[in-house]
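To keep things clear, I will list the structure first and then write my remarks on it.
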Amino acid sequence: MLKYLLKRLPGLIAVLLGVTILSFIVANISEVDPAEAYLRLNSIIATDEAKEAMRHEMGLDQPIPVQYVNWLKNAVMLDFGKSYVSRNDVGHELFSRFPSTLMLVSTAMVIAVCITLFLGILSALRRNSVFDKIVHIFTLVGASTPQFWLGYILVLLFAVHFKLVPVTGYGSMQTVFLPALTLAVPIIGTNVRVLRANILENMNQDYVLYAKARGLSKHKIIGKHVLKNAAAPMLTIFAQTFGYTVAGSMIVESVFAWPGVGNYAVSAILSRDLPVINGYVLIMALIFVICNLIADILALKINPKLLTEDGDL
Amino acid sequence: MKTKQIFTLLLSLLFVVALAACNNNTPALNETQGNTSGTATAAQNVELTTCESTDFISFTPCGHSGGFQNYSANIYETLVEYEDGEIKPLLAESWEVNGNEITLKLRQGVKFSDGEAFNAEVVKLNLDSLYKYQYDSVSWFQVIGLLDHVDVVDEYTVKIVLTQPYYAALNDLASRFSLGMMSPAAFEVEGNPYENVMTTAGTGPYIITDYKQGSYYVFARNENYWGDAPAVEKLTVNIVPDMDSRIVALRSGEADFLLGISNLSYNAFDELKNADGLTGVVSENHSKSNYILFNSANPVLQDIQVRQAVAEAIDKETLITGVLLSLQDNADYMFDPDLPYCNAESSLSPYEYSPEDAAELLDDAGWTLNSATGIREKDGAALTLKLTYVAGYGSNDELAQVMKSQLAKVGIELTLESYDTATWASKFYDGGYDLALAFSYGVPYDPHITLNGMIGQDLADASMQSFDFKANLNASITELLTTSDSAQVEQLIGQAIKTIHTGYGAIPLTYENELAVYNSKSINGITFFGQPGMTVIKNITPAQ
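Going line by line, the protein sequences match chains F and E. Residue 815 in the working numbering sits at position 82 of the first sequence, with consecutive numbering throughout. Residue 150 in the working numbering sits at position 146 of the second sequence, with consecutive numbering throughout.
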């Protein structure tokens, strides 16, 4: 296992470097001079001298590779520079908004896991029943509905029509419910079918036949044997999804005015706040990569046979 | 055992679903709704909620536009106030302008919300600090740009001495942006006192008592306020970046009102103004002007006949009724004639819509219609002009589309390019446009600061650079900055505006109004402050 982790490490670092280099390049091919944008944002007349001075102050007069290395050196120490807009420390601004996003995504994952298990198991047990077909349609629609639209529909239904929850706000179980549900629906949509297929596949295995021959009840067979085997791979999927959802909560946060990192990143993008954008991209890439790593480790724990002697997967 | 496990699983599922479904009996929610839908029995205890698109970054009077700037008037007060074109007393009760010296008699007995006294020393501290720390960002206020020194004459008399006379010094002092007075305690920090201000100590009727950045800000009455206590006790400002979410919040009763074009699009206003339980209001006064600027570096546009033809080919009536839903008013001149010193404008004749005259002008200028393409040509070159604008700002996109079809009728091909604000400005200064949708700074900066900008590397300055009238215009504005004699000021401003108008230096489009929609259940009326997008809580009359 350790061997495997050591082998994975260089790859992970390469991915992170690649992502940050890309975001740096994309930011730098923009037509707008950040120094000029900064001056205008602060209502300072952008004379050539003022722009030159600002470029020097921001380190923009150096070649892009040098700028990147400087940024990276600081970023490793979690210093992402100062926001062009607020002039506050970017790391502080991002981390102070993280708990909100994590709360939202965790709630979404709890909802997603519970509903996926419930629907997946039931529709496998009642294969081809009316229930199974309804679930099928639900998962199809759920997986293909754009989140911002789903968000509005849920708001219209729960907040405006039934007045069960507030449209905006932050903190309580009520305010987190709608955005979390919006995030959860596509996850449920994709995973219910996977779980159902896993269960059905296991039902055809020899060990199920053997268990039946031993006279075990259907419930026991499913509860003890099938579910364990069928649900295990779901763990890795959910771990991956977690990382994906943290990075993907941006739109939902914006619709529900949720004060998380995604919402902050959207406003940073709109005001071309490059230090914030670069910091956000790095942190999101890091979370994504770590979640994928956890997913792989979980997969190994469940099935150590996946690993070769050289530590390859 | 296995059945038990499944049972446990299902039970926990049920628990989560039940938890998530948040039943409507939860007291916390009902409390919020009770507060926001204004079931107040006495005006003294009214609590309201609104939604704002942009987050507050810092509670500084010198911040970026949007966000806190739209609410700063509730916290910080200025020495004088600008109302309907006139300067009125606020923290100063009277004043005297003598050439380059402005002497102000201050209101006595005023205290900041933190208990500090307001006096001449405090005014000096504020102005000196603006000069020291914010010069680069606020020197376009000539009262700071030309500041020589501030004298404390006695405890309640202060004398501002400029390096030269400036006719609009009092207008500058009336600006809520930057010139709101902060408590002396706010200056007891290391470095720039205008950065990262996270407490609110002003003399205004409200203070911010609670907030979570990115989420909400609570304004509550300032118990030290020198004036009459305002009717609304508390206003919660929820930060909601998404327009549709703001509309839903208003419709569901969660928000009591939405104010300003940055929070409420024209389409949204039109949809909501007659909705059940909602009332829409539009200001009588105009808050700023919108116009088209020409790129004078383009030789085609250096021909005044072409500029005149463009002006006469645009049917503003259609733009206003069709696109702007009649929520802006037709602008005949660059500045609203109701603005100070702009009276002389009405002697000028407005540009009339006449596609026939426009076609004739273009014929005269040598641009002949190619009937195959429908576009005019001269020496083999087609009459194609590029219009740039800020995407998604107001109704820019729709306005540009309609103008394109209007200009096509006279044989001018208009290509449209839209960008975010930063790219648009950057392209503009690089000359990457032929026509551009632009606007004035608005009240209280019109006309003086918009005019000053025309010789100060501003958008209009850059755009008119190569027109033959530019030297005359510069002369008038430069002279304007040396006098404080109001008859001369009026004459010079009239001259500057006339130079632009007769030279077809810009095409006036519309004067903007302020708008708001509120829940009639909780609010009886909203009076507009006059400055664009500014929410002034004491101007809200709650329902009894």
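In this text, a Cβ means the ideal position worked out from N, Cα and C, and glycines have one as well.
Just list the alpha helix (DSSP H) runs in the segment 167-249 of chain E, keeping only unbroken ones of 4 residues or longer that don't cross its boundaries, in chain order.
173-177, 180-183
Three-state secondary structure (DSSP) at residue 822 of chain F?
strand
I want to verify the contact list: residues of chain E whose CB lies under 9 Å from the CB of residue 966 of chain F, in sequence order.
Here the premise fails: no neighbours, minimum Cβ distance about 18 Å.
Would you mind reading off the limits of the beta strand (DSSP E) that contains residue 332 of chain E?
332-334
Host alpha helix (DSSP H) of residue 315 of chain E (start-end)
308-317
Just to check my reading of the structure: residue 473 of chain E and residue 503 of chain E have Cβ atoms closer than 8 Å, yes? What is that Cβ distance to the nearest angstrom?
5 Å
Beta-carbon neighbours of residue 979 of chain F, restricted to chain E and to distances below 7 Å:
In chain order: nothing, as chain E lies at least about 17 Å away.
Which value, in whole angstroms, describes the spacing of the CA atoms of residue 42 of chain E and residue 239 of chain E?
With a pLDDT of only 36 at residue 42 of chain E, under 50, the local geometry of the prediction cannot be trusted, and the value read off the model is given with reservation. Whole-angstrom Cα-Cα distance: 12 Å.
Can you tell me whether residue 991 of chain F is helix, strand or coil according to DSSP?
coil
What are the start and end residues of each continuous beta strand (DSSP E) run of 3 or more residues lying completely inside the segment 407-449 of chain E, in chain order?
417-423, 439-443
Give every residue of the same chain whose Cβ lies closer than 7 Å to the Cβ of residue 149 of chain E, excluding the five residues on either side of it in the sequence, and list them in chain order.
143
Helix, strand or coil for residue 529 of chain E, going by three-state DSSP, please let me know.
strand
Simplified DSSP assignment, three categories, for residue 860 of chain F:
coil
Cutting at 7 Å between CB atoms, please list the residues of its own chain near residue 944 of chain F, excluding the five before and the five after it.
954, 958
In or out: residue 810 of chain F buried (at least 16 other Cβ within 10 Å) or exposed?
exposed
Range of the contiguous beta strand (DSSP E) that encloses residue 940 of chain F
No beta strand (DSSP E) holds residue 940 of chain F; the alpha helix (DSSP H) holding it covers 939-946.
Going by CA-CA distance only, name the one from E/204, E/355, E/163 that's closest to residue 509 of chain E.
E/355
Just the Cα atoms here: how many angstroms apart are residue 250 of chain E and residue 404 of chain E?
26 Å
Within the 9 Å Cβ cut-off, does residue 997 of chain F reach chain C?
Considering every chain present, this structure includes no chain C. Its protein chains are F and E.
Element boundaries [alpha helix (DSSP H), containing residue 514 of chain E]
Not the alpha helix (DSSP H): residue 514 of chain E falls in the beta strand (DSSP E), residues 510-523.
To test your reading of the DSSP string, which unbroken alpha helix (DSSP H) runs of 4 or more residues are found completely within the segment 899-938 of chain F?
906-936
Neighbouring residues, chain F, relative to residue 201 of chain E (Cβ below 8 Å)
Per Cβ cutoff of 8 Å: no residues; residue 201 of chain E is ~11 Å from chain F at best.
Fully enclosed by the segment 109-156 of chain E, which alpha helix (DSSP H) runs are 4 residues long or longer?
124-142, 146-149
Quick one: is residue 538 of chain E buried, meaning 16 or more other Cβ sit within 10 Å of its Cβ, or exposed?
buried
CA-CA distance, residue 185 of chain E and residue 78 of chain E?
12 Å
Other residues of its chain near residue 145 of chain E: CB distance less than 6 Å, five sequence neighbours each side excluded
176
Hey, is residue 280 of chain E's beta-carbon within less than 9 Å of any beta-carbon in chain F?
no
So residue 849 of chain F contacts chain E; which residues on that side make the cut at Cβ distance below 8 Å?
The contacting residues do not exist; residue 849 of chain F stays about 10 Å from chain E at best.
Reference residue 208 of chain E, options E/222, E/540, E/421, E/295, closest by Cα:
E/540
Any Cβ of chain F within less than 9 Å of the Cβ of residue 55 of chain E?
yes
Using the three-state DSSP reduction, which class does residue 765 of chain F fall into: helix, strand or coil?
coil
At a CB-CB cut-off below 7 Å, which residues of chain E make contact with residue 1052 of chain F?
What is shown of chain F runs 734 to 1046, which leaves residue 1052 of chain F out entirely.
Integer Cβ distance of residue 428 of chain E from residue 392 of chain E, believed to fall under 8 Å
6 Å
Tell me, please, whether the CB atom of residue 794 of chain F is closer than 9 Å to any CB atom in chain E?
no
DSSP on residue 781 of chain F, reduced to helix/strand/coil?
helix
Just curious, the alpha helix (DSSP H) that residue 98 of chain E is in, first and last residue?
Where residue 98 of chain E is concerned, there is no enclosing alpha helix (DSSP H), although the beta strand (DSSP E) it sits in stretches over 96-102.
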